[in-house]
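Participant: Numbering (our numbering), first residue to last: 633 to 934.
Questions regarding the structure given below will be posed in turn.
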């Protein structure tokens with residue numbers, strides 16, 4: 633059955649952060665819960681998850697299980713973090729085609745990018761927790777990470793605390809389901825400028841990267857904030873986005889730490905209230921009395 637084309641214009645729109653969840657991103661299901669020693673029938677809101685295919689030049693490059701939202705951001709961000717493009721201007725058009733069992737993102741590239749893609753094409757099927765599925769060699773898995781050591785970005789201790797606190801209040805899908813990850817850009821003096829959510833942590837970061845690129849935001853201006861652990865590919869994607877700082881709620885892996893150190897990136901994790909741990913390049917984090925207060929609670933810009 634032919635798919636239904638639901639979007640053809642790659643325009644940036646604000647995500648649902650801070651407000652209601654959008655249609656098609658959740659479902660209400662019946663369940664039996666044990667409460668107070670007895671079983672009761674009730675309902676629960678859960679996130680939707682479906683296959684999202686990335687098609688370039690008529691050939692499927694990858695299929696990821698993802699939340700069906702912010703799909704043009706997803707197409708752009710995935711193309712960037714996979715090295716298929718270096719800027720959103722290299723995409724001619726994005727069609728979002730609804731199929732019977734999923735969504736096909738049909739991405740048309742500029743001619744020169746199509747040539748580059750043919751030289752490095754790979755096929756992969758990625759479950760929600762997977763960021764390196766389908767890699768064909770060890771060398772591909774430990775691909776070079778962009779150097780971000782030249783960034784002049786500095787954060788205060790309070791910036792780190794504020795970044796996580798603000799993100800906690802800007803995740804409507806997580807608030808409703810308790811089952812998705814969030815990724816955001818935090819800029820000192822401005823607060824969060826963008827938030828994206830997804831059932832997969834890599835997907836959320838790809839969507840954030842795409843949204844920022846399409847809005848003309850340079851990652852070097854702020855820190856990436858995530859609600860997950862930090863794997864090596866989260867560090868790689870953050871560096872590709874241009875940010876020299878990643879802040880996470882959960883712990884990093886050893887390879888993520890080594891990769892961040894080599895890339896000149898500050899890796900902060902295990903943020904709990906006003907406590908956190910800095911694993912690499914602590915020189916970017918200043919004492920509170922050395923940097924003006926920067927908390928901003930306004931809604932993200934895009």
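We treat Cβ as the ideally placed atom computed from N, Cα and C, and that holds for glycine.
Every value quoted in this text rests on a predicted model; they were computed, and no experiment measured them.
With distance defined between alpha-carbon atoms, name the residue in 812, 908 and 676 nearest to residue 665.
Facilitator: The candidate whose alpha carbon is nearest that of residue 665 is 676.
Participant: Can you check DSSP and say which residues form a bridge with residue 723?
Facilitator: 741.
Participant: Hey, residue 811 and residue 831: beta-carbon distance below 8 Å or not?
Facilitator: Going by C-beta atoms, residue 811 is nearer than 8 Å to residue 831.
Participant: If you run the structure through DSSP and keep just helix, strand and coil, what is residue 832?
Facilitator: In this structure, residue 832 counts as coil in the three-state DSSP scheme.
Participant: Going by beta carbon distance, what residues of the same chain come within less than 6 Å of residue 856, once the five residues before and after it are set aside?
Facilitator: 870, 875 and 878, listed in sequence order.
Participant: Would you call the CB atoms of residue 932 and residue 826 closer than 8 Å?
Facilitator: Yes, the pair counts as a contact, with Cβ atoms nearer than the cut-off.
Participant: Identify the residues that DSSP records as bridge partners of residue 813: which are they?
Facilitator: DSSP output for residue 813 lists 830 as bridge partner(s).
Participant: Verify whether the separation of the beta carbon atoms of residue 708 and residue 850 is less than 8 Å.
Facilitator: Cβ atoms of residue 708 and residue 850: not closer than 8 Å.
Participant: Can you give the Cα-Cα distance for residue 755 and residue 686, rounded to whole angstroms?
Facilitator: The pLDDT assigned to residue 755 is 45, lower than 50, so where the model puts this residue is not dependable; a value taken from the coordinates is nonetheless given after this. Answer to the nearest angstrom: the Cα atoms are 10 Å apart.
Participant: CA-CA distance, residue 750 and residue 786?
Facilitator: Roughly 40 Å between the two C-alpha positions.
Participant: Are the beta-carbon atoms belonging to residue 780 and residue 906 less than 8 Å from one another?
Facilitator: Not in contact: residue 780 and residue 906 (Cβ atoms no closer than 8 Å).
Participant: Residue 717 by DSSP, collapsed to three states: which one?
Facilitator: Coil.
Participant: Does the beta-carbon distance from residue 739 to residue 726 come in below 8 Å?
Facilitator: A contact, by the Cβ cut-off of 8 Å.
Participant: Which first and last residues belong to the alpha helix (DSSP H) in which residue 785 is found?
Facilitator: Neither: residue 785 is in no alpha helix (DSSP H) and is coded neither H nor E.
Participant: With distances taken between CB atoms, is the gap from residue 909 to residue 901 smaller than 8 Å?
Facilitator: The answer is yes: Cβ separation under 8 Å.
Participant: So what does DSSP say about residue 712, is it helix, strand or coil?
Facilitator: Helix.
Participant: Helix or strand or just coil, what does DSSP make of residue 802?
Facilitator: The answer is coil: DSSP assigns residue 802 none of H, G, I, E or B.
Participant: Using the Cβ count rule (16 or more neighbours within 10 Å means buried), how would you classify residue 670?
Facilitator: Label assigned to residue 670: exposed.
Participant: By the DSSP assignment, the alpha helix (DSSP H) with residue 864 in it spans what residues?
Facilitator: Taken as a continuous stretch (DSSP letters only), the alpha helix (DSSP H) holding residue 864 covers 864-873.
Participant: Express the C-alpha separation of residue 695 and residue 684 in angstroms, rounding to a whole number.
Facilitator: Taking the straight line from one Cα to the other gives about 5 Å.
Participant: Look at the Cβ atom of residue 777, then the Cβ atom of residue 679, and state whether they are nearer than 8 Å.
Facilitator: No, they are not a contact pair.
Participant: Near residue 803, which residues of its chain fall below 8 Å by C-beta distance, leaving aside the five closest residues on each side in sequence?
Facilitator: So the qualifying residues of the chain are 649, 812, 814, 827, 829 and 859.
Participant: Under the three-state reduction of DSSP, which class applies to residue 680: helix, strand or coil?
Facilitator: In the structure shown, residue 680 sits in coil (DSSP, three-state: anything other than H, G, I, E or B).
Participant: Is residue 823 helix, strand or coil when you go by DSSP?
Facilitator: Residue 823: strand per DSSP, three-state reduction.
Participant: Roughly how many whole angstroms lie between the Cα atoms of residue 865 and residue 888?
Facilitator: The straight-line gap from Cα to Cα measures roughly 8 Å.
Participant: Of all the options 796, 720, 891 and 660, which has the alpha carbon lying nearest to the alpha carbon of residue 841?
Facilitator: With distances taken between Cα atoms, residue 841 lies closest to 720.
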